[in-house]
Structures are given as structure tokens and as C-alpha cells.
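Heads up, the thing below is written out as C-alpha cells.
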DNA sequence: TTAAACTTTCAATGTTTTTTGAAAGTTTAA
DNA sequence: TTAAACTTTCAAAAAACATTGAAAGTTTAA
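Chains as they are written, first to last, in our numbering: chain A, -19 to 147; chain X, -19 to 147.
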């Protein structure tokens, strides 16, 4: 496999993986491209490499910046904007975990909490609803703590120790 | 909030969360319904509760069984098939983690491995591609271990200890 | 056997999401 | 100021994905 093949394989894999994880293909592909690019790229560069339209590039770059994993960069003496991705995968994971917690997990936790606090009326179905949503609530909170405190935090020794322990 | 409201809220929340996690809405809703149902339900019951067609119910039930989180059950003397979900959320998480590892993470790890092993040709871009895919490969393997060995395994004391440690 | 009771399949249809591209908007240099 | 260089927005088109429902398939009781 030569460089071009490897690059394309990586970009398209990352792209289809992205959609499984709730971000769209173009967004994931732009991210993949920036991640392996030693130099910042302009919007023009990105459109060309990935064969996507200007609008598409613009919108997805914005989303990536909202996620905090892609940044604008300005070359002195140039009007054009350039983009780079967070290159440290530890930091990348931290940022992604943090955002997914905020966008998905926390709203879910709130609803699980509301639902699990309805009035116990003695019926089987109410008991089951309360029991199961309580259990999910507890699990979601554990997961939330993991995502915010364990992933990518400076205390990465925890992960290493854990992996050694269970491997 | 009464039982009906709470139930509907739970089902629709679980349904839209599902699509964020890569399974479709009907599938997630069927799962939610079975999770809080004290009795096994027939396909008819499910179609009625969720207002979905027979075909839809059939296909998504099959997928849930493929994921190993929903089971067929036969009532004696009855021809009809009934369905229940895995009720233990710990076991549920284990099963989901295992399947996602198998379906998504492991194929990705393989590709990251292939890509990170291309010939180093001395160019900056090749160096960067190798460096980044190696880092992602390592991270993906750590995550894979976590998903298969830590989540839901009998050794749940690990999770508890970890949460206490970092909370 | 047969036929009733049930489940599965799949082409057609409907829905949602993504993408395009051209017009509107913004910034900067002169 | 103006106009060139660039970015953003958004309605319309395309693509992807989910759902329906009727026909085909399967199982079981008699």
C-alpha cells in the first residue's frame, strides 16, 4: 500500500465510522484529512481533496470548530483562512467525550431522573418502569463520570493501570 | 407525570438516543418498550403500542435478537411468539459493548494497523500519517480492552472503585 | 394431507439527512 | 468609499435510510 492508498483508506474509514458515531461523513472526513495533514489546509484545499462543495466544507468546518477539535489559523500576509485539527489523540478523545456527554448523556440523565421519580402507584408496570429507569440512570451517571473524568484527563496513568490490570 | 406520560417519554427518548448511537428509532423503541414491560409482548402488542407495521416489527426484533439483547419466549399452549428484553442493565451494557467492539472497533483497528504499517518514505506527510494512525491504533486497542473486559464483566468492583477514585 | 395462524421478505413508498451552488454577507487593501 | 477576495447562508435537489403492506414462507393442529 502506498501513501495515496493508505491516505484514502484512512479518510474513508474514518468517514464511515463517523456516521456510526453520530457525526456525518463529510465532517468525519474533513477531520481525518486535517488530522494527517502536516500543514494547515485552506477551504479550497479541503474541497478539492474530498470533492465536496464550498457550502458543505464551510458548514462542517464550523461544526468541527464547535466540537473544539478543529481550529482556524491565519498565515501572516494571507487573507485566506487555514484549518488544523487537534493533533494529540488523547486531547481529541477528551474533547469528544466531553461534548458527547454534554449533548447526549446529560439530557438523557435528566429525563431518566424525571421518569424514575413518578409516583409509585403499586402496579407492576409502574414498578418495572421505575426500577429500570433508576438502573439506567445510575449507569448513565457512572458513564458520565468516566467520560468527563477518566478519558484523556492528565491522569492517564489510571487508564494504563487499568489496562494492565485487566488485559 | 403519570405512568402513561412517563412511559411515552422514556420510549421516545430512548428512540431518539438510539439513532445517535447507530441503531434506528424503531429498534430502539421496541427495546425500550420491552425493557419496561413486566410481561413478554407479542409482535401484535408491539405493533399496536408503537404504531408500526408488521414488517418493521419483524425486522427490528430480529436485529435486536442478533444484538443479543432481546429474546424469543414461547408460552405453552400458544402458537404466537413473545419477546422479552435483557432486564439486567449491567448485562445489557456488556452485550452492547461487546457487539459494538466486534462490529465497529475491531474492523477499524485492523485498518489502522494496515495504514500505520505502510513504508516510511521519509516525506513529512507519510511521517504524519504513520504517526497519527499509530496513535489512534493504540487508543482504539485500549478502548477495545475496556469495552470487552471492563464494561459489565463480573468484576464490576473495578468500575465502582474507579468512580470513587475520580469522582 | 390441509388450512389456519402465524412470521418473514422485499419492492415500492415515504421520510430524514446531506449536499449543492448561487446569492448574500464580510473583510481588507488601496 | 469601492471592489476584490474570501466566507456563510439557505432553498432546492440528491442521496441515504426507514417503513409499509401484501405476497410468500413456515409451522402446527387436526
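Don't be surprised by glycine CBs; every beta carbon is placed ideally from N, CA and C. These numbers come from a predicted model, not from an experiment.
Any C-beta of chain A under 9 Å from that of residue i
i, result
"residue 62 of chain X", "no"
"residue -10 of chain X", "yes"
"residue 198 of chain X", "What is shown of chain X runs -19 to 147, which leaves residue 198 of chain X out entirely."
"residue 148 of chain X", "This structure does not reach residue 148 of chain X, given that chain X is present from -19 up to 147, and the question cannot be answered."
"residue 8 of chain X", "no"
"residue 30 of chain X", "no"
"residue 47 of chain X", "no"
"residue 53 of chain X", "no"
"residue -5 of chain X", "no"
"residue 103 of chain X", "yes"
"residue -18 of chain X", "yes"
"residue 116 of chain X", "yes"
"residue 41 of chain X", "no"
From the options, residue whose alpha carbon lies closest to that of residue i
i, options, result
"residue 160 of chain X", "X:119, X:112, X:132, X:24", "In the structure displayed, chain X extends from -19 to 147; residue 160 of chain X sits before or after that span and is not available."
"residue 50 of chain X", "X:69, X:102, X:91, X:94", "X:69"
"residue 33 of chain A", "A:57, A:65, A:7, A:82", "A:7"
"residue 44 of chain X", "X:27, X:66, X:61, X:127", "X:66"
"residue 14 of chain A", "X:3, X:145, X:109", "X:109"
"residue 1 of chain X", "X:21, X:28, X:77, X:71", "X:77"
"residue 41 of chain A", "A:131, A:61, A:57, A:-6", "A:61"
"residue 71 of chain X", "X:37, X:95, X:54, X:131", "X:131"
"residue 47 of chain A", "A:-6, A:74, A:-12", "A:74"
"residue 145 of chain A", "X:139, X:146, X:147", "X:139"
"residue 31 of chain X", "X:53, X:16, X:-9", "X:-9"
"residue 12 of chain X", "X:137, X:-13, X:36, X:134", "X:-13"
"residue 16 of chain A", "A:85, A:-3, A:129, A:63", "A:63"
"residue 9 of chain A", "A:18, A:27, A:19", "A:27"
"residue 111 of chain X", "X:53, X:93, X:57", "X:93"
"residue 127 of chain X", "A:133, A:143, A:18, A:-2", "A:143"
"residue 22 of chain X", "X:55, X:-4, X:-7", "X:55"
"residue 133 of chain X", "A:141, A:147, A:105", "A:147"
Any C-beta of chain X under 9 Å from that of residue i
i, result
"residue 112 of chain A", "yes"
"residue 25 of chain A", "no"
"residue 50 of chain A", "no"
"residue 44 of chain A", "no"
"residue 233 of chain A", "For chain A, the structure presents residues -19 to 147; residue 233 of chain A sits outside this window and is missing."
"residue 21 of chain A", "no"
"residue 126 of chain A", "yes"
"residue 135 of chain A", "yes"
"residue 99 of chain A", "yes"
"residue 5 of chain A", "no"
"residue 2 of chain A", "yes"
"residue 79 of chain A", "no"
"residue 138 of chain A", "yes"
"residue 37 of chain A", "no"
"residue 56 of chain A", "no"
"residue 91 of chain A", "yes"
"residue 109 of chain A", "yes"
Residue i - partner residues in DSSP beta bridges
i, result
"residue 53 of chain A", "A:62"
"residue 21 of chain A", "A:63"
Legend entry - Three or more C-beta pairs below 8 Å linking the region 97 to 113 of chain X and the region -18 to -4 of chain A: With a cut-off of 8 Å, the region -18 to -4 of chain A and the region 97 to 113 of chain X count as touching, because enough Cβ pairs lie within range.
Inset, instruction - Spell out a yes or no on whether the region 110 to 124 of chain A and the region 85 to 92 of chain A are touching, meaning 3 or more CB-CB pairs, one atom from each, closer than 8 Å. - result: Proximity of the region 110 to 124 of chain A to the region 85 to 92 of chain A meets the contact definition, three or more beta-carbon pairs being nearer than 8 Å.
Inset, instruction - Examine the Cβ distances between the region 78 to 86 of chain A and the region 119 to 132 of chain A and report whether three or more of them are shorter than 8 Å. - result: Cβ pair count under 8 Å is three or more, so yes.
Legend entry - Segments of 4+ residues assigned as alpha helix (DSSP H) that fall wholly inside the region 106 to 135 of chain X: The region 106 to 135 of chain X contains no complete alpha helix (DSSP H) run of 4 or more residues.
Inset, instruction - Any chance you could list the alpha helix (DSSP H) runs of at least 4 consecutive residues sitting entirely within the region 24 to 51 of chain A, in chain order? - result: Scanning the region 24 to 51 of chain A from its first residue to its last, the whole alpha helix (DSSP H) runs of 4-plus residues come out as 34 to 46.
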